[in-house]
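The next block holds one structure in the form of structure tokens; read it before the comments.
In the numbering used here, the protein residues as written are 5 to 105.
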């Protein structure tokens with residue numbers, strides 16, 4: 005009978021850990037405007053940076069997206085790399101003057 009000690013098996017195991025691709029919600033408050041046809045409503049970290057598309061605001065010129073509901077701070081053009089979590093954006097627009105000719 006053979007000694008079991010003589011039949012050792014060396015096993016090498018490689019473990020790879022993948023970060024779960026979490027999906028985050030994007031909420032736009034269009035305030036009566038129309039979203040761009042290619043507007044996306046969710047994002048993952050591997051899709052960043054993500055450019056925010058311009059909506060159509062009837063009777064207004066679009067001036068940018070803001071994270072603050074009172075439109076304070078800087079206008080936002082993209083969701084930058086490294087971002088996580090739900091994002092909410094409000095549009096800023098300037099009323100167009102009607103041509104009175």
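Even glycine gets a Cβ: it sits at the ideal position worked out from N, Cα and C.
Discussion item. For the pair the region 86 to 95 and the region 31 to 40, tell me if three or more CB-CB distances fall below 8 Å.
Written reply: yes
Worksheet item: What is the DSSP secondary structure of residue 90, counted as helix, strand or coil?
Response: coil
Worksheet item: Can you name, in chain order, every residue of its own chain whose Cβ lies under 8 Å from the Cβ of residue 86, other than the five neighbours on each side?
Response: Only 49, 52 meet the Cβ criterion.
Worksheet item: Taking C-alpha atoms, which residue in 74, 102, 18, 59 lies nearest to residue 42?
Response: For residue 42, the closest C-alpha among the options 74, 102, 18, 59 is that of 59.
Worksheet item: So what's residue 102 in DSSP terms, helix, strand or just coil?
Response: coil
Worksheet entry | According to DSSP, residues forming a beta bridge with residue 82 | 55
Worksheet item: residue 61 to residue 76, Cα distance in whole Å?
Response: 20 Å
Discussion item. Suppose you measure from the CA of residue 36 to the CA of residue 26; what does that come to, to the nearest Å?
Written reply: 30 Å
Discussion item. Excluding the 5 residues flanking residue 82 on each side, which residues of the same chain have their C-beta closer than 7 Å to its C-beta?
Written reply: 53, 54, 55, 56
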